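Asks: All letters in the sequence shown, in the order written, are residues 6 to 312 by my numbering.
There's a structure below that I have some questions on.
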Amino acid sequence: MVGSALCRRLKRDSRTEVITRDRDVLDLEDASATARFLADTRPDAVYMAAAKVGGIHANDKFPADFITRNLAIQSSLIQGAHAAGINRLLFLGSSCIYPRQAEQPIREEALLTGPLEPTNAPYAVAKIAGIKMCESYNRQHGRDYRSLMPTNLYGPNDNFHPENSHVIPALLRRFHEARESGAPTVTVWGSGRPRREFLHVDDLADACVHVMELDAERYSSQTEAGRYHLNVGTGRDCTIRELSELIAETVGYRGDILFDHTRPDGTPRKRLDVSRLDALGWTSAIPLRTGLKETYAWYTENGPNRD
6 MVGSALCRRL KRDSRTEVIT RDRDVLDLED ASATARFLAD TRPDAVYMAA
56 AKVGGIHAND KFPADFITRN LAIQSSLIQG AHAAGINRLL FLGSSCIYPR
106 QAEQPIREEA LLTGPLEPTN APYAVAKIAG IKMCESYNRQ HGRDYRSLMP
156 TNLYGPNDNF HPENSHVIPA LLRRFHEARE SGAPTVTVWG SGRPRREFLH
206 VDDLADACVH VMELDAERYS SQTEAGRYHL NVGTGRDCTI RELSELIAET
256 VGYRGDILFD HTRPDGTPRK RLDVSRLDAL GWTSAIPLRT GLKETYAWYT
306 ENGPNRD
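So, in structure tokens, the structure goes:
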């Protein structure tokens, strides 16, 4: 999802050559193969969009996969870029790096100030390691490796698996299938009370390019010489209940919405403070309602096979 959005955004500039490899051609968990690829191609900059991701259920069920595979991907790319003499790199993390009870909205300084959300702690630890790797290569080797922490993402090319996907694609599929089958109710996991912030993946891609095009002095002005990552989001959140109702409206489902209180809620609230990125001249442009309509239209054409 993120990689394809980045390609769309980067290709808008006719001067940019976008170099990619499918996962069946290059295994990013293979450090030697990744290092050879980077040494052979020598790109001017690396955008790190690759990761193993999933929703609460997947994170809770496969913790070893999430920490091991993400650490391997990050180490291969960051070490490989440095060895190939590539000075510019962008690492993408996740807002789950922050403590479960972080003060809202969450500032970048909240990192490592409290316990993580248990259901996705292994994934969060891997992403924190990626941030610290970038910071360490900057300090020790003078690299310009930057980090962005996006809030919850959605959009075209998402994973719509009914159990292992994130909340928006999972609910879009669930409400779509309920409408198609005429089901009188749809059950949503959790209480519906947690609040979440959602960012369209095309907005994220635009933020990535914006941040990478900033000169070093301006970037440092908001990251204290590279010691901080940057949050990227909308700065607005909603409850899972409100999201469910908006998705039902988007899909055209008119039955009842039930909430399964036996399922975990995860973090009670997660809204990012995006003032640092705002000060650097970037804000999101795609409203949630508009983004959901576009994503649902994509799903009806492509999504049922995107498990």
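Where a beta carbon is used, it is the ideal one built from N, C-alpha and C, also for glycine.
On a predicted model such as this, the values are computed, not experimentally measured, just so you know.
1. Are the Cβ atoms of M6 and N162 separated by less than 8 Å?
2. Mind checking whether R223 and P110 have CB atoms under 8 Å apart?
3. Would you list the one or two residues that DSSP bridges to K314?
4. Quick one: give me the first and last residue of the beta strand (DSSP E) that Y233 is part of.
5. Please list, in chain order, all residues of the same chain as D270 whose beta carbon is under 6 Å from its beta carbon, the five residues on each side excluded.
6. Please report the distance separating the alpha-carbon of D312 from that of P167.
7. How close, in whole Å, do the beta carbons of I291 and D207 come, if the pair is a contact with beta carbons under 8 Å?
8. Answer with buried or exposed for A284, where buried requires no fewer than 16 other C-beta atoms within 10 angstroms of its C-beta.
9. Would you call I133 buried or exposed, if buried means 16 or more other Cβ atoms sit within 10 Å of its Cβ?
10. Between V216, I173, R47, N307, which has its C-alpha nearest R294's C-alpha?
11. Return the CA-CA distance between T192 and I262, expressed in angstroms with no decimal places.
12. Using a Cβ-Cβ distance under 8 Å, would D283 count as near chain D?
13. Pull up the distance between the alpha-carbon of T288 and that of T239, whole angstroms please.
14. If the criterion is Cβ atoms closer than 8 Å, does the pair Y233 and E108 meet it?
15. Taking only three categories from DSSP, how would you classify P6?
16. Considering only C-alpha positions, which residue in the set M53, R47, V23 is nearest to L33?
17. What is the DSSP secondary structure of D312, counted as helix, strand or coil?
18. Residues bridged to W194 by DSSP?
19. Taking 8 Å as the cut-off, decide whether the C-beta atoms of N157 and R105 are in contact.
20. Find the nearest neighbour of E247 within the set N236, F264, P123, judged by alpha-carbon distance.
21. For S141, name the three-state secondary structure that DSSP assigns.
22. Taking its Cβ as the centre, do 16 or more other Cβ atoms sit within 10 Å of S186, making it buried, or is it exposed?
23. State the DSSP-derived secondary structure class of P155, mapped to helix, strand or coil.
24. Where does R20 sit, in a helix, a strand or coil, going by DSSP?
25. I'd like to know if the segment 23-31 and the segment 65-82 are in contact, where contact means that at least 3 CB-CB pairs between them fall below 8 Å.
26. What's the C-alpha gap between A89 and R144?
27. With a CB to CB cut of under 6 Å and the five nearest residues on each side skipped, what residues in its chain are close to I83?
28. My output table needs one value for F67: the three-state DSSP class, helix, strand or coil.
29. Please list the terminal residues of the continuous alpha helix (DSSP H) segment that includes V206.
Replies: Considering the structure as presented:
1. For M6 and N162, yes; Cβs fall inside 8 Å.
2. Not closer than 8 Å, so no.
3. There is no way to answer for residue 314, as the model of the chain reaches only from 6 to 312.
4. It is not in any beta strand (DSSP E) - Y233 carries neither H nor E in the DSSP assignment.
5. Take D270, set aside five residues on each side of it, and the residues of its chain with a beta-carbon closer than 6 Å to its own are G195, S196, P199, in chain order.
6. In this predicted model, D312 has a pLDDT of only 49, less than 50, meaning its place in the structure is not dependable enough to derive any value.
7. Confirmed, about 6 Å.
8. Exposed: under 16 other Cβ atoms inside 10 Å.
9. I133 is buried by the Cβ-count criterion.
10. For R294, the nearest C-alpha among the options comes from I173.
11. For T192 and I262, the gap between their C-alpha atoms comes out near 6 Å.
12. In summary, chain D is missing from the structure at hand, where a single protein chain is found.
13. If you take the alpha carbons of T288 and T239, they lie about 7 Å apart.
14. No, these two residues do not count as a Cβ contact at 8 Å.
15. It should be pointed out that residue 6 corresponds to Met in this sequence rather than to Pro. The three-state secondary structure of M6, taken from DSSP, is coil.
16. The residue among M53, R47, V23 with its C-alpha nearest the C-alpha of L33 is M53.
17. Caution is warranted here: a pLDDT of 49 is assigned to D312, below 50, making its placement in the model unreliable, and the coordinate value is therefore given only provisionally. Coil.
18. Residue pairing from DSSP places W194 in a beta bridge opposite D265.
19. No, Cβ-Cβ distance for N157 and R105 is not below 8 Å.
20. Among N236, F264, P123, the Cα nearest to that of E247 belongs to F264.
21. Residue state for S141 is assigned as helix, using DSSP reduced to three classes.
22. It is exposed - the Cβ of S186 has fewer than 16 other Cβ atoms within 10 Å.
23. The answer is strand: DSSP assigns P155 an E or B state.
24. DSSP places R20 in coil when its eight states are reduced to three.
25. Too few Cβ pairs lie closer than 8 Å, so no.
26. Computed Cα separation, rounded: 18 Å.
27. Setting aside the 5 residues that flank it on each side, I83 is surrounded in the same chain by M138, each with a C-beta closer than 6 Å to its C-beta; the list follows chain order.
28. It is coil, neither helix nor strand.
29. From DSSP, the alpha helix (DSSP H) with V206 extends over 206-218.
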